[in-house]
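Chemist: Numbering (the UniProt record's numbering), first residue to last: 326 to 631.
First the structure, then my questions, so here it is.
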Ligand code: ATP
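See below:
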């Protein structure tokens, strides 16, 4: 009986592992059925990245036909530069990065990379060219090494560790019970939002894509974590075309251009200094965030001294 039970037990385990892996992959790509709706054109060619310029031309989009989300968005991220998208919650910021990754097709206008419409190229080549650092990074129930290597399967152990160092997560990993072989996930090491995001950054370092799309986590991070993530990102973004969806304005002060999105339209655009001087929506968002940060710091100090 035991002899029969053991293989069954093993098969059960394998089944659970496979099922979990499928769930992880589904989570990673948003929703699977949505993926199926996006098809390669019959004559799709591989994307040829020459410089890495990203262009949105009068992009319109709606998840549901009756509710337009993006109402004619045009901007360019010149090769190697950083453009940040900011704006109130629900303005359509994350939608922009989803469209660039072609999780959905635009309803109007077009998105071009080095002059090629992303609908005319293969999805594989498009996604290979873009490093996505999403808001919520999905981790596999596997070792931390495996989770970083997901960025490039043929990376050596030394490369994985170098990527972790660049992403400023190496120190944290070395403190874990089994270092890089520590299991993460439900039954293993739990990572905070900031740590997960650094794993995503390490994956991107390994992938070394010409274009970077960063969707900053909405959750408030403490100043130290924010500083660490920022340092890691600055290194990854160097000399890469970067589109940053930002919630904390302090992280994008140095962007080459900041686009302020409001209700699916570009309300303002310019550098941090110019937008502040303009005294519009960006300036009021900036002032509000400064006040909130000052209040948080004051509270933290009061807690420390009590
Ligand atoms: P936040 O700052 O809160 O992250 P955002 O500016 O990034 O917001 P998006 O995530 O782009 O906003 O969403 C824009 C609008 O589209 C929101 O009103 C949201 O409810 C809606 N939306 C997002 N995803 C879907 C979806 N899968 N189906 C239908 N509506 C959606």
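Quick reminder that beta carbons are idealized off the backbone N, C-alpha and C, glycines included.
1. Please state whether the Cβ-Cβ distance between residue 319 and residue 512 is less than 9 Å.
2. In three-state DSSP terms, what is residue 358?
3. In whole angstroms, give me the CA-to-CA distance for residue 431 and residue 404.
4. Is the beta carbon of residue 472 less than 9 Å from the beta carbon of residue 530?
5. Give a single yes or no on whether residue 584 has its beta carbon closer than 8 Å to a heavy atom of the ligand ATP.
6. Three-state secondary structure (DSSP) at residue 475?
7. Let me check one thing: in DSSP terms, what residues is residue 468 bridge-paired to?
8. Is residue 416 close to the ligand ATP? I mean its beta-carbon at under 8 Å from any heavy atom of the ligand.
9. Which runs of the alpha helix (DSSP H) at least 4 residues long sit entirely within the stretch 414-454? Give them in chain order.
10. Is residue 505 buried or exposed, if buried means 16 or more other CB atoms sit within 10 Å of its CB?
11. Alpha carbon to alpha carbon, what distance is there between residue 581 and residue 600?
12. Would you mind sorting residue 494 into buried or exposed? The rule is 16 or more other CB atoms within 10 Å of its CB.
13. If you count every other CB in all the chains shown that lies within 10 Å of the CB of residue 492, and 16 or more means buried, which is it?
14. Quick check on the burial criterion: 16 or more other C-beta atoms within 10 angstroms. Buried or exposed for residue 535?
15. Using CA coordinates, which residue listed in 485, 470, 532, 579 is at the minimum distance from residue 555?
Modeler: Reading off the structure:
1. Only positions 326 to 631 of the chain appear in this structure, which leaves residue 319 out of reach.
2. For residue 358, the predicted structure reports a pLDDT of 45, less than 50, and the residue's modelled location is therefore unreliable. The matter cannot be settled from this model.
3. 22 Å
4. Between residue 472 and residue 530, the CB-CB gap reaches or exceeds 9 Å.
5. no
6. Residue 475 falls in the coil class under three-state DSSP.
7. In DSSP, residue 468 forms a bridge with 508.
8. yes
9. Within the stretch 414-454, the alpha helix (DSSP H) runs of at least 4 residues that lie entirely inside it are, in chain order, 418-425, 448-454.
10. buried
11. 12 Å
12. buried
13. buried
14. So residue 535 counts as buried.
15. 579
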